[in-house]
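What follows is a single structure, written as structure tokens, with notes after it.
Numbering (our numbering), first residue to last: 16 to 212.
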């Protein structure tokens with residue numbers, strides 16, 4: 016177990032406390048990964064600035080493209096923490112439940128328009144450190160502009176970094192959540208009659 020000792024609010028320096036308060040005001044609360052990074056406030060400030068820009072800034076990627084890419088990153092890396100944190104924002108962004116379930120299971124989602132399909136293909140290239148094929152890049156640019164394709168690649172790199180922090184320091188899932196990528200128990204038929212009925 017490599018969890019870091021998490022700082023308590025009362026033990027934070029004035030600068031770290033100001034950063035904590037700023038993050039809570041922006042996000043509602045901080046836990047897990049951001050709380051882990053609070054052990055290095057100067058680094059957390061930079062990481063949270065980029066994360067806030069990518070998620071809440073005036074970006075070229077609309078919420079459905081951004082959240083779909085984040086979930087694709089989570090699935091590709093097996094990062095249940097990221098999946099759990101972004102599942103509901105993806106729903107609010109309008110990503111249909113069958114698309115989310117296909118992605119969670121590692122299957123190709125059906126019913127995506129060309130822009131969102133290209134987002135998944137470009138994210139796959141970024142995460143696998145491959146060049147984005149011209150047709151895929153052209154589709155992302157058509158849907159979200161040149162800035163959109165650049166944001167998409169940086170977004171994938173950012174969430175790969177976050178997954179690294181989560182895995183390296185055993186950041187736990189939020190209370191009440193389970194690993195969405197853990198094997199699901201098979202549900203066999205219910206017994207009919209006999210001693211177990």
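All residues carry an ideal CB built from backbone N, CA and C; glycine is no exception.
Please state whether DSSP places residue i in a helix, a strand or coil.
i: residue 199; result: coil
i: residue 144; result: coil
i: residue 211; result: For residue 211, the predicted structure reports a pLDDT of 48, less than 50, and the residue's modelled location is therefore unreliable. The matter cannot be settled from this model.
i: residue 129; result: helix
i: residue 46; result: coil
i: residue 30; result: helix
i: residue 74; result: coil
i: residue 186; result: coil
i: residue 122; result: coil
i: residue 86; result: helix
i: residue 40; result: helix
i: residue 53; result: coil
i: residue 108; result: coil
Measuring alpha carbon to alpha carbon, tell me which of the options ends up nearest residue i.
i: residue 178; options: 39, 138, 98, 30; result: 98
i: residue 163; options: 72, 95, 116, 196; result: 72
i: residue 183; options: 110, 175, 189; result: 175
i: residue 154; options: 137, 64, 189; result: 137
i: residue 64; options: 18, 34, 151, 86; result: 34
i: residue 104; options: 62, 42, 92; result: 42
i: residue 106; options: 78, 126, 188; result: 78
i: residue 86; options: 28, 51, 158, 112; result: 112
i: residue 39; options: 121, 157, 67, 187; result: 67
Got a sec, what are the start and stop residues for the alpha helix (DSSP H) residue i sits in?
i: residue 179; result: 149 to 183
i: residue 94; result: Segment: none, residue 94 is in no alpha helix (DSSP H) and carries neither H nor E.
i: residue 191; result: First-last for residue 191: undefined, no H or E at that position.
i: residue 114; result: 112 to 119
i: residue 25; result: First-last for residue 25: undefined, no H or E at that position.
i: residue 69; result: 56 to 71
Just confirm the distance between the C-beta atoms of residue i and residue j, as a whole number of angstroms; I'd bet it's less than 8 Å.
i: residue 84; j: residue 134; result: 5 Å
i: residue 173; j: residue 69; result: 6 Å
i: residue 108; j: residue 82; result: 5 Å
i: residue 132; j: residue 90; result: The pair is not a contact, with the Cβ atoms about 15 Å apart (cut-off 8 Å).
i: residue 196; j: residue 95; result: 5 Å
i: residue 141; j: residue 168; result: 5 Å
i: residue 9; j: residue 189; result: Here the chain covers residues 16 to 212 and nothing more, so residue 9 does not appear.
i: residue 20; j: residue 53; result: Incorrect: roughly 11 Å between the Cβ atoms, too far for contact.
i: residue 30; j: residue 80; result: In fact, because the Cβ distance is near 35 Å, the residues do not count as touching under 8 Å.
i: residue 255; j: residue 18; result: Outside the shown range of the chain, which is 16 to 212, sits residue 255, and nothing can be said about it.
Run the proximity test for residue i: is its beta-carbon closer than 6 Å to any non-hydrogen atom belonging to the ligand FAD?
i: residue 23; result: Summarising the ligand content, the structure contains no ligands, and the ligand FAD is consequently not present.
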